[in-house]
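Q: Starting off with a structure, shown below.
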Amino acid sequence: MSIFADVVEQFAAQTSNSRLGAVAARMRSPSAVAVRGRCGVGRDAVAGALAASGVPVVTAGADLQVVVLAEVLKPEDRTLLATDVPTVVVLNKADLSGRVSGGPLASAARTAAGIAATLGRPVVPMIAHLATVELDD
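Going by the working numbering, the first residue of the sequence shown is number 1, and it counts up by one from there.
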């Protein structure tokens, strides 16, 4: 099973978000996923994490798209979200949210919630480069 889909499903359960739960269910069986986002948001890291967990990543003809954001929602992000393709929105670089109360991950969760409220759709905070880390002794 896909680790990414597991995390999305857990987040959906924790937040009682049935729409995100539906996206997680679809993620378990897509034949193709496109990862999109502005330069510098970690698009390739997210694509690598998905591919490493067995999700086929394509550049065209996707059944599902993942739109990667970092820090803030910009007009070009909104353009990527204007599609009929089912979309998961990821706020990447959650570990770089700054020195704030509760730590960077709590800050990223708050930022994701604010963007989700603006968009009217779920946003999942993520640290993509940790998804492919291999630990050794």
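Think of the CB as a built atom: it goes at the ideal place given N, C-alpha and C, for glycine as much as any other residue.
Under the assumption that Ala-70 contacts Gly-114 (Cβ atoms under 8 angstroms), give the Cβ distance between them as a whole number of angstroms.
A: 14 angstroms between Cβ atoms; not a contact.
Q: Per DSSP, what kind of secondary structure is Leu-135 in: helix, strand or coil?
A: DSSP places Leu-135 in the coil class of the three-state scheme, outside both helix and strand.
Q: Please name the residue or residues paired with Pro-125 in a DSSP beta bridge.
A: Leu-91
Q: Whole angstroms are fine: how far does the CA of Gln-10 sit from the CA of Leu-81?
A: 23 angstroms
Q: Taking C-beta to C-beta, are Gly-37 and Val-67 nearer than 7 angstroms?
A: yes
Q: Identify whether Ser-72 lies in helix, strand or coil by the three-state DSSP scheme.
A: For the record, residue 72 in the displayed sequence is Val; it is not Ser. Val-72 falls in the strand class under three-state DSSP.
Q: As a quick exercise: from Ser-107, Leu-73 and Gly-120, pick the residue whose alpha carbon is nearest that of Asn-17.
A: That would be Gly-120, whose Cα lies nearest to the Cα of Asn-17.
Q: For Asp-84, count neighbouring Cβ atoms within 10 angstroms of its own Cβ and tell me buried if that reaches 16, exposed if not.
A: exposed
Q: What does Gln-65 pair with, by DSSP beta-bridge criteria?
A: Ala-34 and Thr-87
Q: On the three-pair Cβ rule with 8 angstroms, is the region 86-106 touching the region 52-59?
A: In short, these stretches do not touch, since the Cβ pair count stays below three.
Q: Please tell me whether Asp-77 and Ile-127 are closer than 7 angstroms, where the distance is taken between their beta carbons.
A: Contact: no.
Q: Helix, strand or coil for Val-57 per DSSP?
A: strand
Q: Considering only the alpha carbon of each residue, which of Leu-64, Ala-24, Pro-122 and Pro-75 lies closest to Ala-32?
A: Among Leu-64, Ala-24, Pro-122 and Pro-75, the Cα nearest to that of Ala-32 belongs to Leu-64.
Q: Pop quiz: Val-35 and Val-57 are said to be a contact at Cβ under 8 angstroms. What is the actual Cβ separation, rounded to whole angstroms?
A: 6 angstroms
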